[in-house]
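Undergrad: Numbered by the working numbering, the letters in the sequence shown go through residues 21 to 186 in order. A single structure is presented below for examination.
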Amino acid sequence: MTSTSSEARPFRAAALGTLVVLPWSGEAPDGSDMPYLLAYSLGDAEGGPEATAAAVGQLLERNGLPVGGDLVDGTTKPSLPVTLLVEAGQAVLNMPQLVAQADAPREWLAAAAKRGYAHLVFTTRAWPEGEPGKPVEPAALAAFAGADETLKAAAHIVLPTRSLRR
């Protein structure tokens, strides 16, 4: 008998391909800025976008983050294995087997400082056009991040921001 459980399969970080974390802020229903983090793969690992989607899904599942499920409120779950460090203009996402960082725009840093948390959208959907180091047009980001297929293929987590000084 062959097991198909993700616990039975060894996790290989290389299977994620190039993982990108993109911080941006946008208006929330309360009228103030909400800091968002979008995490996605370029889909460039061996096996292409389908393989990277499976690897990202496995990573999220192993860390208790349901894809397409309810919002996980990390501000009420101190044992959540995912953290967000905001330091020296960087947003650093930490989870077992993964550390990803990105330069954060001033507006994002201000929103994160004001709220004390950020909303992480970690999607299994690959976005080859969102290459690191290349400017992302706001319309392209909105089209990808706001697409139903992106949102339904994602884990949604509210992460408290931490700094080295706290």
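Every residue gets a Cβ at the ideal spot worked out from N, C-alpha and C, and that includes glycine. The structure presented is a predicted model; accordingly, all values stated were derived computationally and were not measured.
1) Looking only at C-alpha atoms, which of 185, 180 and 165 sits nearest to residue 141?
2) Taking the CB atoms as reference points, tell me whether residue 53 and residue 127 lie closer together than 9 Å.
3) If you draw a straight line from the alpha carbon of residue 181 to that of residue 132, how long is it in whole angstroms?
4) To which residues of the same chain is residue 169 closer than 8 Å at the C-beta, ignoring the five residues directly before and after it?
5) Count the other CB atoms, across all protein chains shown, that sit within 10 Å of the CB of residue 96; report buried if there are 16 or more and exposed otherwise.
6) Once you ignore the five residues that flank residue 100 on each side, which residues in its own chain have a CB closer than 6 Å to its CB?
7) Skipping 5 residues on each side, what residues in its chain have a beta carbon closer than 8 Å to that of residue 118?
8) Among residues of its own chain, excluding the 5 on either side of residue 107, which ones have a beta-carbon nearer than 8 Å to its beta-carbon?
9) Where does residue 162 fall in DSSP's three states?
10) Taking only three categories from DSSP, how would you classify residue 235?
TA: Reading off the structure:
1) 165
2) yes
3) 7 Å
4) 145
5) exposed
6) 94
7) 33, 36, 39 and 79
8) 183 and 184
9) helix
10) The structure shown does not extend to residue 235, since the chain is modelled only from 21 through 186, so no value can be given for it.
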